[in-house]
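These protein sequence lines map, in sequence, to chains W and H.
Per this note's numbering, residue 1 is the first one in the first sequence, and the count goes up by one each step.
Per this note's numbering, residue 501 is the first one in the second sequence, and the count goes up by one each step.
Backbone N, C-alpha and C fix where the C-beta goes; we use that ideal spot for every residue, glycine too.
Note that the coordinates shown come from a computational prediction; the quantities given were computed from them, not determined experimentally.
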Amino acid sequence: MDTLNELANGFASALTWQNLIFAFLGCLLGTIIGVLPGIGPVAGVALLIPLTMNLDATGAIIMLCAIFYGTAYGGTITSVLLNTPGEAASAITTIDGYAMTKIGKAGAALTIAAVGSFVGGTIATLGLVAAAKPLGELGLLVGPPEFFALMVVGISLLVALAGKSMVKALISGALGLLISMVGIDPVAGAPRFTFGSDNLLDGVSFVAVIVGVFGLSEILSYRKDSKAAAVHAPGMRSLLPTGNEWRRSAPSMARGTGIGFGLGLIPGMTGSVSSLLAYGAEKKFSKHRDQLGKGAIEGVAGPETANNAHANAALIPLFTLGIPASPTIAVLMGAFLQQGLTPGPTLFTEHSEIAWAIIASLFIGNVLLLLLNVPLVGLWTSILRVPASILTALILLFMVIGAYTINFNVFDVFVMIGFGLLGLALRHLDIPLAPMVLTLVLGPLMERSLRESLEISQGDFGIFLNRPISVVLIGIGVLIVLSPLLKLRKPKALNEDPET
Amino acid sequence: MTKPQRTRVAPTVLAGIGAFVVVGVYVLVSSIGLGLWTSLGPGPGMFPFAMGGLLVAMSALWLVQELREPSETASGVDRGLVLSVVISLALLAAVMDLIGFQLSMFIFLMYHLKIRGGRRWVSSLIIAVAGSFGAFYAFNYGLNVTLPTAGISVLNSIGL
Numbered sequence: 001m002d003t004l005n006e007l008a009n010g011f012a013s014a015l016t017w018q019n020l021i022f023a024f025l026g027c028l029l030g031t032i033i034g035v036l037p038g039i040g041p042v043a044g045v046a047l048l049i050p051l052t053m054n055l056d057a058t059g060a061i062i063m064l065c066a067i068f069y070g071t072a073y074g075g076t077i078t079s080v081l082l083n084t085p086g087e088a089a090s091a092i093t094t095i096d097g098y099a100m101t102k103i104g105k106a107g108a109a110l111t112i113a114a115v116g117s118f119v120g121g122t123i124a125t126l127g128l129v130a131a132a133k134p135l136g137e138l139g140l141l142v143g144p145p146e147f148f149a150l151m152v153v154g155i156s157l158l159v160a161l162a163g164k165s166m167v168k169a170l171i172s173g174a175l176g177l178l179i180s181m182v183g184i185d186p187v188a189g190a191p192r193f194t195f196g197s198d199n200l201l202d203g204v205s206f207v208a209v210i211v212g213v214f215g216l217s218e219i220l221s222y223r224k225d226s227k228a229a230a231v232h233a234p235g236m237r238s239l240l241p242t243g244n245e246w247r248r249s250a251p252s253m254a255r256g257t258g259i260g261f262g263l264g265l266i267p268g269m270t271g272s273v274s275s276l277l278a279y280g281a282e283k284k285f286s287k288h289r290d291q292l293g294k295g296a297i298e299g300v301a302g303p304e305t306a307n308n309a310h311a312n313a314a315l316i317p318l319f320t321l322g323i324p325a326s327p328t329i330a331v332l333m334g335a336f337l338q339q340g341l342t343p344g345p346t347l348f349t350e351h352s353e354i355a356w357a358i359i360a361s362l363f364i365g366n367v368l369l370l371l372l373n374v375p376l377v378g379l380w381t382s383i384l385r386v387p388a389s390i391l392t393a394l395i396l397l398f399m400v401i402g403a404y405t406i407n408f409n410v411f412d413v414f415v416m417i418g419f420g421l422l423g424l425a426l427r428h429l430d431i432p433l434a435p436m437v438l439t440l441v442l443g444p445l446m447e448r449s450l451r452e453s454l455e456i457s458q459g460d461f462g463i464f465l466n467r468p469i470s471v472v473l474i475g476i477g478v479l480i481v482l483s484p485l486l487k488l489r490k491p492k493a494l495n496e497d498p499e500t
Numbered sequence: 501m502t503k504p505q506r507t508r509v510a511p512t513v514l515a516g517i518g519a520f521v522v523v524g525v526y527v528l529v530s531s532i533g534l535g536l537w538t539s540l541g542p543g544p545g546m547f548p549f550a551m552g553g554l555l556v557a558m559s560a561l562w563l564v565q566e567l568r569e570p571s572e573t574a575s576g577v578d579r580g581l582v583l584s585v586v587i588s589l590a591l592l593a594a595v596m597d598l599i600g601f602q603l604s605m606f607i608f609l610m611y612h613l614k615i616r617g618g619r620r621w622v623s624s625l626i627i628a629v630a631g632s633f634g635a636f637y638a639f640n641y642g643l644n645v646t647l648p649t650a651g652i653s654v655l656n657s658i659g660l
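Below, the structure is given as structure tokens:
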């Protein structure tokens, strides 16, 4: 009953006109980011953090969460209409989505994708409501050693699942941790790796790094031969699916929700894996599996429901344990920290009103996305008609503003340029970027919990092995990292994961 | 047609591995200077020392993997694009505090729209004005986010 009361209070706060506007703007911007092929959700969310700097914490996080799950739907539009995924989690939708466009059923595909996203997102948010209290209470039993061990598991999973080479993933993770260590040491107060620059005493701006590594490097890696496809926007009359299409989609949405929700809870699993596995499930269980690949509605409903269920479920480990399950969630966690909120069990004790308002806003955001996306398909596709040179110039404009306004210092624009070049080099060397962003955000928390633990034990590393929760978690982390030696194989879908 | 399998390690991969080793060694040496252990427990250098060690060890392992089986690197980059974007951004950042956001961003956008993008004068001007002067006012007065004004007093006095 407590949970329902708190959720009701959350709705009261989320339904104020200011917060509704923030959720609406977030959905709008998120969809635009999803539609634009040049900019993914990680850079997109980081880029828009400065817009929220002067908002109150609730409004800022509501807007950023809406941007986050808005991108999950925006990517679908280009997958269906252009055969080009706006973001990686929608890549698999191109197969049947674009095939439906070619037979004149683009509208039905987009409507089913929007409804599926709504269903998946809403059910995953209900899961968050149910899990928040018990997991939050469990999380309060966690001390510095357990917290450190928990982060070891999270990072191990992401490293193990990112890309094809664990060696490269570990290099990426170590780089992120090293970047996070620049600045004043949190315990002893000594400056580290600042090269005598006052600008680095507070550390390297996390927004500038993310925008550089994920956003600018993407622009720098554009190729001249990238082809622009023709856009065929569906008319309003072709938007509604037939009764048969609705009936065929329902079981696919149910399967997609289950897969997306389950995988969203696991750190390191990306939305792409969920959508790939959901497509695989359709191939196996759908009554019309013989039509998959030729424009079957199940090939859109399953993956699109899964990636939105995944996006919302991935918020559960963040809210309850303070562990970001994906790079985009890590950026979101950075935004929480900048607003003075520490995601995790204490969020529900120290900032209960804000936490529940954000959860309530997730329900509202899913409704807004449904209302926004289906009738406005024509508008979204018109964005794709904007020439690449104009889009690039405007994206660069927002990157400069985003990097500058974090500390109101042009030094951060230079940081962004430097990290853009680093990102380009990492892409060229096939080093995954995801572990870097995760360790960049978690680095300071991880170091603090390690050092606090060792101070408690007066330098004895045995503290991690004497406490049952931490020993189990560290054991899991070690097993994950050693899995290649033990010949434990990754699911095939992970090797095909375009996000890694 | 499939690409032939590489038989030698790509120079860019070698350069990358070399760079990571240099960074790792630098971190290891600096961390010792910061202090690995204090009377209270771990010192400021301990965690970076571990990460520097990890970076060097993984780079060495990567080199071994490459020597056994050289990997394919991604296709080359458009150097013209990289240079023009990076240099224009660096110049923009260098002069932004001096001539203000509005003028510097206007010039930056005109370069990317008119000179690099080959857009028409009218559309370039409209977008550049909106993205520089328009964005300045929208951020300063709409979102209460201050963008820099000119450090040169003459420019500052005319509102730039």
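*asked:* At the level of alpha carbons, what is the spacing between W/P506 and W/P345?
replied: No information on residue 506 of chain W is available, as it lies outside the stretch 1 to 500 that chain W covers here.
*In angstroms, rounded to a whole number, what distance separates the CA positions of W/L20 and W/L332?*
19 Å
*Measuring alpha carbon to alpha carbon, tell me which of W/V204, W/G176 and W/L175 ends up nearest W/G183.*
W/V204
_Give me the residue from W/A296, W/G243, W/A313 and W/Y222 with the minimum Cα distance to W/I266._
W/A313
*Segment contact flag, the segment 401-410 of chain W with the segment 287-306 of chain W, C-beta cutoff 8 Å, min 3 pairs*: no
*asked:* Can you look up W/P468 in the DSSP assignment and give me helix, strand or coil?
replied: helix
*CB W/G74 to CB W/V35, shorter than 8 Å?*
yes
*Drop a sphere of 10 angstroms on the beta-carbon of H/V622, count the other beta-carbons inside from all chains shown, and report buried for 16 or more, exposed for fewer.*
exposed
*Counting Cβ pairs, one atom from each stretch, are 3 or more of them under 8 Å apart for the segment 215-222 of chain W and the segment 64-79 of chain W?*
no
*Compare the C-alpha of H/P511 against each of H/L660, H/S624, H/L563 and H/G617 and name the closest.*
H/L563
*Could you spell out where the alpha helix (DSSP H) holding W/E218 opens and where it closes?*
S217 to L220
*W/G44 - containing alpha helix (DSSP H), residue span*: P41 to L48
*Spatial neighbours of W/I95 within its chain, please: CB distance less than 7 Å, with the 5 preceding and 5 following residues excluded, ordered by chain position.*
G293 and G299
*Mind checking if H/L567 is an interface residue toward chain W, Cβ cutoff 8 Å exclusive?*
no
*asked:* So with CB distances below 9 Å, who are the chain H contacts of W/Q458?
replied: L540 and G541
_First and last residue of the uninterrupted alpha helix (DSSP H) at W/A314_ = Here W/A314 belongs to no alpha helix (DSSP H), and DSSP marks it neither H nor E.
*Residue range of the alpha helix (DSSP H) that W/Y69 falls in?*
A57 to L82
*asked:* 8 Å is my cut-off, CB to CB: does W/R247 come that close to chain H?
replied: no
*Mind checking W/P375: buried by the 16 CB within 10 Å criterion, or exposed?*
exposed
*asked:* Quick check: the Cα distance between W/G97 and W/G121, rounded to an integer number of angstroms?
replied: 20 Å
*Below 7 Å CB to CB, which residues in the same chain sit around H/G543 once its five sequence neighbours on both sides are set aside?*
L534, G535, L536 and W537
*Does any CB atom of chain W fall closer than 8 Å to the CB of H/S584?*
no
*Looking at chain H, which residues of the segment 51-80 of chain W have a Cβ within less than 7 Å of any of its Cβ atoms?*
L51, M53 and N54
_With DSSP as the reference, identify every bridge partner of W/M191, one or two as the case may be._
The question names Met, but residue 191 of chain W in the sequence shown is Pro. W/I184.
*Please check the pair W/L473 and W/L150, which I expect to be a contact at CB under 8 Å, by giving their CB distance rounded to whole angstroms.*
6 Å
*Go ahead and label W/W17 buried or exposed: buried means 16 or more other beta carbons lie within 10 angstroms of its beta carbon, across all protein chains shown.*
exposed
*What are the partner residues of H/G538, as DSSP defines its beta bridges?*
Here residue 538 of chain H turns out to be Thr, not Gly, going by the sequence shown. Answer is H/G541, bridged to H/T538.
*Under the rule that 16 or more other beta-carbon atoms within 10 Å means buried, what is W/G271, buried or exposed?*
buried
*What is the rounded straight-line gap between the Cα of H/F601 and the Cα of W/L394?*
15 Å
*Indicate the three-state DSSP secondary structure (helix, strand or coil) for H/E569 in the structure shown.*
coil
*Just curious, the alpha helix (DSSP H) that W/K508 is in, first and last residue?*
Absent from the structure is residue 508 of chain W, since the part of chain W shown begins at 1 and ends at 500.
*Is it right to say H/I517 is buried, meaning 16 or more other beta carbons lie within 10 angstroms of its own, or is it exposed?*
buried
*In three-state terms, what does DSSP make of W/P345?*
helix
*asked:* Closest to W/E137 by C-alpha separation, out of W/L433, W/D412, W/G459 and W/L321, would be which residue?
replied: W/L321
*asked:* Quick check on H/G516: does DSSP put it in helix, strand or coil?
replied: helix
*What are the boundary residues of the alpha helix (DSSP H) that W/M53 is part of?*
Here W/M53 belongs to no alpha helix (DSSP H), and DSSP marks it neither H nor E.
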